[in-house]
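In this note's numbering, the protein residues as written are 94 to 280.
A virtual CB, placed ideally from N, CA and C, is assigned to each residue, including glycine.
Computed from a predicted model, the values in this text were never measured in an experiment.
Have a look at the structure below before the remarks.
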């Protein structure tokens with residue numbers, strides 16, 4: 094466990110290339126939405142990175158159901174920020190314990206994981222340059238909800254992330270991590 098809440102991260106690396114001295118490059122993946130879990134599976138692209146000395150990590154943030162339904166519930170709606178905090182805590186843990194190099198961190202999340210990555214960037218207020226962080230950022234399903242006032246979320250999306258036309262408190266809470274509202278703050 095990384096913290097008292099039970100946060101976990103799975104890492105894999107090639108044993109003969111790994112050095113526990115904080116010099117390893119890394120790719121850290123997160124999702125954390127809809128109660129979905131990231132299961133270990135073969136990925137030829139990850140193997141290629143491992144062959145280059147990367148540490149690959151999957152963070153099991155709140156919003157997934159990795160630790161049960163309460164874990165999921167504490168990462169959605171007004172508690173969505175927990176998802177982002179978990180990811181940041183995990184990366185900091187790996188850096189502090191010298192698994193990875195702080196200037197060689199790549200972060201990845203697709204679909205709703207794109208929201209996670211965008212929020213992480215805005216939350217930690219980093220300068221985006223190749224020496225600091227690299228991004229593999231895919232689209233975010235939920236960004237349409239904050240951009241297009243005519244877009245109505247599906248029932249599943251509304252249940253998980255809220256309907257922007259109704260609860261003002263939700264929108265005020267989301268302003269802190271919305272990629273679309275905060276895009277300029279990290280530069």
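Would you mind giving the Cβ-Cβ distance between residue i and residue j, rounded to the nearest angstrom? I have them listed as a contact below 8 Å.
{"i": "residue 155", "j": "residue 125", "result": "7 Å"}
{"i": "residue 104", "j": "residue 192", "result": "7 Å"}
{"i": "residue 162", "j": "residue 96", "result": "Contact flag wrong, Cβ pair sits at about 20 Å."}
Taking the Cβ atom as the reference point for each residue, do residue i and residue j lie within a distance shorter than 7 Å?
{"i": "residue 190", "j": "residue 116", "result": "no"}
{"i": "residue 200", "j": "residue 210", "result": "yes"}
{"i": "residue 184", "j": "residue 121", "result": "yes"}
{"i": "residue 216", "j": "residue 177", "result": "yes"}
{"i": "residue 197", "j": "residue 133", "result": "no"}
Which two residues bound the contiguous beta strand (DSSP E) that contains residue i?
{"i": "residue 201", "result": "198–202"}
{"i": "residue 153", "result": "148–153"}
Looking only at its own chain, which residues have a Cβ that is under 6 Å from the Cβ of residue i, when we skip the five neighbours before and after it?
{"i": "residue 101", "result": "153"}
{"i": "residue 145", "result": "none"}
{"i": "residue 110", "result": "146"}
{"i": "residue 139", "result": "149"}
Starting from residue i, trace the alpha helix (DSSP H) in both directions and tell me its first and last residue.
{"i": "residue 182", "result": "174–189"}
{"i": "residue 163", "result": "162–166"}
What does a CB cutoff of less than 7 Å around residue i pick up in its chain, not counting 5 residues either side in sequence?
{"i": "residue 175", "result": "155, 167 and 168"}
{"i": "residue 142", "result": "120 and 149"}
{"i": "residue 108", "result": "none"}
Looking only at its own chain, which residues have a Cβ that is under 8 Å from the Cβ of residue i, when we skip the five neighbours before and after it?
{"i": "residue 157", "result": "124, 125, 126, 128, 129, 130, 131, 164, 165 and 168"}
{"i": "residue 114", "result": "191"}
*Quick one: complete beta strand (DSSP E) runs, 3+ long, within the region 105–141?*
119–122
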